[in-house]
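**Q** The following block contains the structure, expressed as structure tokens.
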Amino acid sequence: MMKFNIKMESTVDSLQPGLMVQPPVPSHLLYPDSDGKPMAENTLQYRWIVRLVTNLKQLLKDEMAFVAGDLLWYPVQVEHPPAPCQAPDAMVVLGRPDGDRGSYKQWEEDNMAPQVVFEILSPSNTMSEMAAKQQFYEQYGVLEMFFYNPQSHDFWGYQRAAATDRFVLVTPLHLPWTSPLLNIRFERSGDGLVLYHPDGEPFKEPGELFAERDLARQERDRALAKLRELGIDPETL
């Protein structure tokens, strides 16, 4: 009988440490939906953020636009964390549909960056932190960015027509000033910064907007009911 002397080697032992294949990092670890930071640190900051988001949604309700507040924006894909990201207090993406998102992953959105962002400062924010945000927004294609401290009333912004252009500084000395992209007007009053819709109406508290919307709906329902009383089918008009 022939004998075969076969030397078996462990596959694991033969692998070189530098050649170990790393499994892909799960998406929820690469791009978490939360950064663990609070949306706001005080009621004044919170009220400003909610007012901004609500009025911007109202402004763009008939447009193809996505408006969000405190949503993480990931501009690029990565293989390993941390992925570069920011969560603007309010952001506008013209050309993207409204709807729910856990985060804004730009490569899933036709690679469209937010064109407009707002930052409402709190007492704990530092200028170095704001400078880092400005650098991030400039690097990843934002066209208009605005910073406002509702306690000190400090305001500044930057605007450019294209992502390859240099930013133009917007300061209180330039107010009143109108956003080329959103056509909203920035003014300064004794109470600080005031924003106006294109029709001249100031940005309102969410409760006021909801009340106006409900009133308009009631008036519409009454008008439709009156047409039906007259024997007119509103669907035929």
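In short: position in the sequence shown from 1, add 1254, done, that's my numbering.
All residues carry an ideal CB built from backbone N, CA and C; glycine is no exception.
As the structure is a prediction and not an experimental result, all values here were calculated from the model.
Let me know the alpha helix (DSSP H) ranges lying completely inside the stretch 1319-1403, each 4 residues or longer, listed in chain order.
**A** Runs found: 1381-1393.
**Q** Apart from the five residues just before and just after M1399, which ones in its own chain have a Cβ nearer than 7 Å to its Cβ?
**A** In the sequence shown, the residue the question calls residue 1399 occupies position 145. Within the same chain, M1399 has close Cβ partners V1371, Q1388, Y1391, G1411 and Y1412.
**Q** How many Å lie between Q1393 and P1329 at the Cα?
**A** The residue given as residue 1393 occupies position 139 in the sequence shown. The residue given as residue 1329 occupies position 75 in the sequence shown. If you take the alpha carbons of Q1393 and P1329, they lie about 10 Å apart.
**Q** Is the beta carbon of V1321 sitting closer than 9 Å to the one on V1347?
**A** Sequence index remark: in the sequence shown, residue 1321 carries index 67 (1-based). Sequence index remark: in the sequence shown, residue 1347 carries index 93 (1-based). It is a contact, given that the beta carbons lie within the stated cut-off.
**Q** Taking C-beta to C-beta, are L1314 and Q1405 nearer than 9 Å?
**A** As a first step, residue 1314 must be located in the sequence shown, where it is residue number 60. As a first step, residue 1405 must be located in the sequence shown, where it is residue number 151. No. Outside cutoff.
**Q** For the candidate residues D1408, D1289, N1379 and L1375, whose alpha-carbon lies nearest to that of G1300?
**A** Position 46 of the sequence shown, counted from the first residue, corresponds to residue 1300. Correcting the residue type first, residue 1300 is Tyr in the shown sequence and not Gly. Checking every option, the nearest Cα to that of Y1300 belongs to L1375.
**Q** For the putative contact between P1335 and L1283, defined by C-beta atoms under 8 Å, what is the C-beta separation to the nearest angstrom?
**A** Position 81 of the sequence shown, counting from 1, holds the residue named residue 1335. Position 29 of the sequence shown, counting from 1, holds the residue named residue 1283. The pair is a contact, with the Cβ atoms about 6 Å apart (cut-off 8 Å).
**Q** Where DSSP assigns a beta bridge to E1441, which residues make up the other side?
**A** As a first step, residue 1441 is located in the sequence shown; it is residue number 187 there, counting from the start. V1448, per the DSSP bridge assignment.
**Q** Spatial neighbours of P1286 within its chain, please: C-beta separation below 7 Å, excluding the five flanking residues on both sides.
**A** The residue labelled residue 1286 in the question sits at position 32 within the sequence shown. Around P1286: no qualifying Cβ.
**Q** Candidates D1289, V1332 and N1309: which alpha carbon is nearest S1281's?
**A** Residue 1281 sits at position 27 when you count from the first residue of the sequence shown. Here the closest residue by C-alpha is V1332.
**Q** Secondary structure at Y1300, three-state DSSP: helix, strand or coil?
**A** As a first step, residue 1300 must be located in the sequence shown, where it is residue number 46. Y1300 falls in the helix class under three-state DSSP.
**Q** Helix, strand or coil: which one does DSSP assign to T1308?
**A** For the purposes of this step, residue 1308 is taken as the residue at position 54 of the sequence shown. Three-state DSSP puts T1308 in a helix.
**Q** Let's test the definition: count the other Cβ atoms within 10 Å of the Cβ of W1361 and tell me whether it reaches 16, buried, or not, exposed.
**A** As a position in the sequence shown, residue 1361 is number 107, starting the count at 1. W1361 should be labelled exposed.
**Q** Please work out which residues of its chain come closer than 8 Å, Cβ to Cβ, to R1420, disregarding the five sequence neighbours upstream and downstream, and give them in chain order.
**A** Here residue 1420 is taken as the residue at index 166 of the sequence shown, counted from 1. Once the five neighbours on either side are set aside, the close Cβ partners of R1420 are R1414.
**Q** Express the C-alpha separation of S1288 and Q1494 in angstroms, rounding to a whole number.
**A** With the chain represented from 1255 up to 1491, any question about residue 1494 goes unanswered, as that position is not in the structure.
**Q** Can you give me the C-alpha to C-alpha distance between D1408 and Y1402, rounded to a whole angstrom?
**A** Mapped onto the sequence shown, residue 1408 falls at position 154. Mapped onto the sequence shown, residue 1402 falls at position 148. Spanning the two alpha carbons is a distance of roughly 6 Å.
**Q** Where does G1411 sit, in a helix, a strand or coil, going by DSSP?
**A** On the sequence shown, residue 1411 is found 157 positions in, with the first residue counted as 1. Reduced to three states, the DSSP call for G1411 is strand.
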